[in-house]
Amino acid sequence: MAKVDQRKHPQKVRAMFGRIAPNYDRMNRVMTLAQDLRWRREVIQYAALPEKGRLLDLGAGTGDLAFEAFRQVPTAQIFAADFTLPMMQIGRKRKPTPIVWCAVDALDLPFADESFDAVVSGFLLRNVINLERSLQEQYRILKSGGRVVCLDTTQPRQNLFSPFIRFHLNSVIPTLGRWIAGDGAAYTYLPQTTQSFLRAEELADLLQKAGFCAVGFRIRMLGTIAIHWGVKE
Ligand SMILES: C[S@@+](CC[C@H](N)C(=O)[O-])C[C@H]1O[C@@H](n2cnc3c(N)ncnc32)[C@H](O)[C@@H]1O
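Numbering (our numbering), first residue to last: 254 to 486.
Structure below.
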């Protein structure tokens with residue numbers, strides 16, 4: 254049986270995101286130099302959501318991907334789902350939209366089989382305690398021809414920038430976390446889980462094992478970010 258990473262215990266993860274919720278969006282913009290906005294646009298483009306289609310933003314947090322989906326396809330029915338209520342409460346207050354906010358566990362989704370055209374997630378997969386189970390659930394609720402798109406950090410490859418990347422992850426981000434969010438511990442978890450998460454090729458294998466075909470990925474931000482996609486046949 255796979256070893257359980259205790260840092261990803263659901264209660265710990267929920268408590269941590271609950272604590273950093275008020276500063277979460279600001280920290281994202283600062284840490285990524287606002288590049289995350291570009292990646293989110295890409296995610297929704299890869300999702301190829303049809304007019305009036307149904308999209309689930311899983312682990313939506315404050316809803317950045319859901320809002321981007323609404324911007325790109327305003328006729329779509331969009332669900333933003335997470336298990337940390339303070340993140341969703343902040344998201345819901347950001348702007349009035351028809352987005353439906355729901356409390357769910359990504360490992361046991363309360364949605365019918367084959368009920369979505371696209372399932373997208375941003376920085377969720379690295380946090381779930383059972384990644385295979387979450388991918389199976391996403392596969393289950395997708396319609397045939399539906400797409401999954403995942404944006405997450407990825408284990409950085411060794412390259413010329415490796416020392417700079419390690420410094421950014423291990424020193425700059427925890428320091429920014431202390432200054433901006435008043436929570437160095439949460440922003441130490443982020444680099445730790447990034448450096449111990451799967452390589453992009455390994456996550457692509459898991460998507461295939463979950464049943465997805467036409468799996469692919471793009472690497473961003475000097476090899477620290479990956480966008481994966483796959484299609485349910
Ligand atoms: C890093 S935040 C990402 C938020 C948002 N998707 C984004 O792109 O900025 C991770 C989110 O995943 C949620 N999460 C982690 N494990 C989850 C689970 N098992 N079920 C539902 N949500 C989960 C957390 O509550 C948190 O809001």
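Cβ atoms here follow ideal geometry from the backbone N, Cα and C, with glycine treated the same way.
Note to self: At the level of alpha carbons, what is the spacing between L309 and F332?
What the structure shows: Counted from its first residue, the sequence shown places residue 309 at position 56. Counted from its first residue, the sequence shown places residue 332 at position 79. About 5 Å.
Next item on the list: Check whether the stretch 365-378 touches the stretch 314-329, taking contact to mean three or more Cβ pairs, one atom from each stretch, closer than 8 Å.
Entry: yes
Next item on the list: Would you tell me roughly how many angstroms separate the C-alpha atoms of W482 and L429, rounded to the nearest one?
Entry: Locating residue 482 in the sequence shown gives position 229, counting from the first residue. Locating residue 429 in the sequence shown gives position 176, counting from the first residue. Between W482 and L429, the alpha-carbon positions lie close to 31 Å from each other.
Next item on the list: Have a look at R400, N380, L422 and flag the residue whose alpha-carbon is nearest the alpha-carbon of D258.
Entry: Numbered from its first residue, the sequence shown carries residue 258 at position 5. Looking at the Cα atoms, N380 is the closest of the given residues.
Notebook entry, point to check: Is F417 near ligand 1, with its Cβ less than 7 Å from a heavy atom?
Noted result: Counted from its first residue, the sequence shown places residue 417 at position 164. Not under cutoff, so the answer is no.
Margin query: What does DSSP give as the partner residue(s) for R307 in the beta ladder?
Written below: Residue 307 sits at position 54 when you count from the first residue of the sequence shown. DSSP output for R307 lists Q330 as bridge partner(s).
Notebook entry, point to check: Between P275 and I433, what straight-line distance do the alpha-carbon atoms span, to the nearest angstrom?
Noted result: To locate residue 275, count along the sequence shown from 1; it is residue 22. To locate residue 433, count along the sequence shown from 1; it is residue 180. If I take the Cα positions, the gap works out to 10 Å.
Checklist line | Proximity to A457 [Cα-Cα], best of T337, N423, E385 | finding: Here residue 457 is taken as the residue at index 204 of the sequence shown, counted from 1. Ranking the options by Cα distance to A457, first place goes to E385.
Margin query: In the DSSP output, what is S397 paired with across the bridge?
Written below: Here residue 397 refers to the residue found at position 144 when the sequence shown is read from its first residue. None, per the DSSP bridge assignment.
Next item on the list: Can you have a look at V266 and say buried or exposed, based on whether 16 or more other CB atoms are within 10 angstroms of its CB?
Entry: Locating residue 266 in the sequence shown gives position 13, where the first residue counts as 1. Buried, because 16 or more other Cβ atoms sit within 10 Å of the Cβ of V266.
Item checked: Extent of the continuous alpha helix (DSSP H) run through D289 -> Residue numbering aside, residue 289 sits at position 36 when the sequence shown is read from its first letter. Unbroken alpha helix (DSSP H) run through D289: 288-300.
Margin query: Let's test the definition: count the other Cβ atoms within 10 Å of the Cβ of E486 and tell me whether it reaches 16, buried, or not, exposed.
Written below: For this step, residue 486 is matched to residue 233 along the sequence shown. By the 10 Å Cβ count, E486 comes out exposed.
Check: In angstroms, rounded to a whole number, what distance separates the CA positions of D278 and G437?
Finding: Residue mapping note: residue 278 aligns to position 25 of the sequence shown, counting from 1. Residue mapping note: residue 437 aligns to position 184 of the sequence shown, counting from 1. Distance between the alpha carbons of D278 and G437 is about 16 Å.
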